Amino acid sequence: MTRILYIVRHARAEDGALFMADHDRNLLPDGIMAAARIGHHLQSLHINPGLLISSTAIRARDTARTLAEQLGFDLDTIEYDSELFEGGTKAYLAVVNSLPNSVDSAMIVGHNPDVSYFSEYLTHEQIGTLRKGAVVGIAFENIAWAEVSGRMGHVVLNVSPRDINQ
4 MTRILYIVRH ARAEDGALFM ADHDRNLLPD GIMAAARIGH HLQSLHINPG LLISSTAIRA
64 RDTARTLAEQ LGFDLDTIEY DSELFEGGTK AYLAVVNSLP NSVDSAMIVG HNPDVSYFSE
124 YLTHEQIGTL RKGAVVGIAF ENIAWAEVSG RMGHVVLNVS PRDINQ
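Right, here's the structure in full:
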């Protein structure tokens with residue numbers, strides 16, 4: 004059985020300001036449009052994750068909700084994990100390792116540099132820095148989610164909003 008993990012970098016958000024906590028930054032209008040474009044593209048590829056887990060940061064939550072709307076995913080079932088905000092690759096791996104085996108695909112929405120590092124950790128492929136709103140799909144063959152670790156997956160999708168015709 005093939006399991007696929009979709010790792011998403013949140014879409015374009017407001018720049019940080021002295022009066023605003025990093026956690027509270029909102030998506031910009033073009034970030035919302037980019038997330039919708041990516042979601043529509045994923046829907047056209049018949050991507051339908053069994054679970055969608057997001058960082059609790061506003062920009063990640065809004066990206067997750069926009070993707071979910073495009074994918075026809077129930078917004079009330081999105082899970083939020085505060086550890087995905089500045090938790091590092093260990094936090095992302097902990098989320099993946101706790102996924103139920105009844106789900107064969109899942110999507111995680113988070114932040115750079117963690118999402119880029121995590122994608123490369125799982126695949127040992129040169130993915131580079133994920134663009135804002137980008138999605139990397141990583142496939143794992145014949146293993147349980149709890150067994151996922153470094154160098155076990157391979158990239159099956161790598162797309163950013165800039166790759167999609169507007």
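In my numbering, the protein residues as written are 4 to 169.
Even for Gly, the Cβ is constructed at its ideal location relative to N, Cα and C.
The structure presented is a predicted model; accordingly, all values stated were derived computationally and were not measured.
Looking at Ile-141 and Ser-119, is the spacing between their C-beta atoms short of 8 Å? no
Return the chain-ordered list of same chain residues with a C-beta closer than 6 Å to the C-beta of Val-106, the five sequence neighbours on each side being excluded. Gly-53 and Leu-54
Under a three-way DSSP split, which group does Asn-161 fall into? strand
Segments of 3+ residues assigned as beta strand (DSSP E) that fall wholly inside the segment 111 to 141: none
Tell me whether Arg-40 sits in a helix, a strand or coil according to DSSP, three-state version. helix
Could you spell out the range, first to last residue, of the alpha helix (DSSP H) harbouring Ile-61? 61 to 74
Spatial distance of Ala-14 from Ile-146 (CA atoms): 31 Å
Taking just the CA atoms, how far does Asn-168 sit from Asn-161? 15 Å
For a test of the three-state rule: what should DSSP assign to Glu-144, helix, strand or coil? strand
Relative to the C-alpha of Pro-116, which candidate in Pro-103, Ile-130, Gly-153 and Val-151 has its C-alpha closest? Ile-130
Looking at Gly-136: is its Cβ nearer than 8 Å to the Cβ of Gly-19? no
Counted within 10 angstroms of its Cβ, other Cβ atoms place Leu-48 as buried (16 or more) or exposed: exposed
Rounded to whole angstroms, what's the CA-CA distance from Arg-62 to His-26? Just pull it up for me. 8 Å
To the nearest angstrom, how far is the alpha carbon of Ser-101 from that of Ala-109? 11 Å
Closer than 6 Å by C-beta to Arg-40: which residues in its own chain qualify, once you throw out the five before and the five after it? Chain order, please. Pro-164 and Ile-167
Which residues in the same chain have their Cβ closer than 7 Å to the Cβ of Ala-67, if we skip the five residues on either side of it in sequence? Leu-55, Ser-57, Ile-81 and Val-112
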